[in-house]
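Residue numbers (the working numbering): 34 to 278.
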């Protein structure tokens with residue numbers, strides 16, 4: 034298959050993962066594998082920033098790559114970390130002549146059989162969420178067209194992940210709002226029942242519900258549910274609190 038067709042196919046496959054049951058690991062694993070196939074690199078891997086702020090290995094095209102990325106995080110040095118911290122690409126780095134840039138990482142990468150490395154940030158505007166690592170088993174520069182294609186892959190994955198996060202956060206917010214609205218409806222219903230049965234004003238009925246919840250360290254919505262379900266009577270709500278022993 035021509036290279037251009039493989040690039041287009043990869044972008045389509047990445048887009049196909051953006052479904053209701055979107056899985057970040059599946060997306061990044063596909064991306065790592067396609068980088069090896071399309072960009073003619075020896076290995077690829079991706080790291081994402083965790084909520085705590087540190088990078089985590091999310092996908093690797095091989096076990097050797099996975100181990101090397103774990104070492105990179107442990108040593109706190111290497112191309113992926115540099116790309117993430119700076120938000121800028123790190124390309125065409127000959128591991129045999131890094132001039133002390135990565136004193137721990139470079140020998141480890143060479144021992145794993147790699148000779149050159151490239152890392153591209155996963156970023157959208159000012160937000161950097163991780164980085165894409167690309168390794169060659171031979172020394173040499175990566176073609177400019179391949180660097181651009183790799184960055185395009187990383188950008189697509191970044192947009193997908195950020196969009197998924199925004200959607201998830203919006204869903205959580207909607208769930209919280211719906212829960213609050215439902216709780217309010219239940220409380221209003223219980224308030225009306227207590228007011229009717231105990232011949233109270235709505236304000237006094239609400240105060241009775243609230244005071245019972247506070248005295249017994251209960252959620253107001255749970256007290257209201259007990260009233261509606263017949264598990265808590267108006268008389269019990271209005272009974273004076275038992276004296277402390």
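Here a beta-carbon is modelled for each residue, glycine too, at the ideal position from N, C-alpha and C. Computed from a predicted structure; not experimentally measured.
Run through DSSP, which three-state label would residue i get?
{"i": "residue 125", "result": "strand"}
{"i": "residue 42", "result": "helix"}
{"i": "residue 164", "result": "strand"}
{"i": "residue 216", "result": "helix"}
{"i": "residue 67", "result": "helix"}
{"i": "residue 92", "result": "strand"}
{"i": "residue 264", "result": "coil"}
{"i": "residue 251", "result": "coil"}
{"i": "residue 78", "result": "strand"}
{"i": "residue 175", "result": "coil"}
{"i": "residue 270", "result": "helix"}
{"i": "residue 83", "result": "coil"}
{"i": "residue 346", "result": "Here the chain covers residues 34 to 278 and nothing more, so residue 346 does not appear."}
Can you tell me which of the options puts its alpha carbon nearest to the alpha carbon of residue i?
{"i": "residue 265", "options": "189, 234, 224, 232", "result": "224"}
{"i": "residue 91", "options": "212, 185, 113, 74", "result": "113"}
{"i": "residue 60", "options": "272, 86, 237, 192", "result": "192"}
{"i": "residue 134", "options": "118, 110, 156", "result": "110"}
{"i": "residue 194", "options": "207, 157, 209", "result": "157"}
{"i": "residue 88", "options": "155, 136, 63, 211", "result": "155"}
{"i": "residue 86", "options": "108, 117, 69, 231", "result": "117"}
{"i": "residue 248", "options": "201, 108, 273, 38", "result": "273"}
{"i": "residue 108", "options": "129, 136, 127", "result": "136"}
{"i": "residue 62", "options": "187, 208, 84", "result": "187"}
{"i": "residue 263", "options": "184, 197, 57, 230", "result": "230"}
In chain order, what residues of the same chain lie with their CB nearer than 7 Å to the CB of residue i, ignoring the 5 residues before and after it?
{"i": "residue 131", "result": "139"}
{"i": "residue 170", "result": "75, 146, 147, 148"}
{"i": "residue 278", "result": "Its pLDDT being 38, under 50, residue 278 is placed unreliably by the model, and the measurement read from it follows with that caveat. No residues qualify anywhere along the chain."}
{"i": "residue 69", "result": "76, 77, 94"}
Report all residues from its chain with a CB closer than 6 Å to the CB of residue i; omit the five preceding and five following residues, and keep chain order.
{"i": "residue 279", "result": "For the chain, the structure presents residues 34 to 278; residue 279 sits outside this window and is missing."}
{"i": "residue 151", "result": "124, 167, 175"}
{"i": "residue 127", "result": "149, 172"}
With a threshold of 8 Å on Cβ separation, who are the neighbours of residue i within its own chain once the five nearest residues in sequence on each side are excluded?
{"i": "residue 182", "result": "40, 71, 72"}
{"i": "residue 242", "result": "220, 223, 224, 227, 253, 256, 257, 260, 270"}
{"i": "residue 66", "result": "77, 94"}
When every heavy atom of the ligand GDP is checked, does at least one fall within less than 7 Å of the C-beta of residue i?
{"i": "residue 257", "result": "Absence of the ligand GDP from the depicted structure is noted, as is the absence of any ligand whatsoever, leaving it without description."}
message: Using a Cβ distance threshold of 8 Å, determine whether the segment 177-197 contacts the segment 90-105, with at least three qualifying pairs required.
response: no
- request: Would you list, in sequence order, the uninterrupted alpha helix (DSSP H) runs of no fewer than 4 residues that lie entirely inside the segment 97-148?
  value: 112-119, 138-144
At least three beta-carbon pairs within less than 8 Å, the segment 214-223 to the segment 152-163: no
field: Cβ contact (3+ pairs, closer than 8 Å) linking the segment 163-174 and the segment 74-82
entry: yes
At least three beta-carbon pairs within less than 8 Å, the segment 100-111 to the segment 136-143: yes
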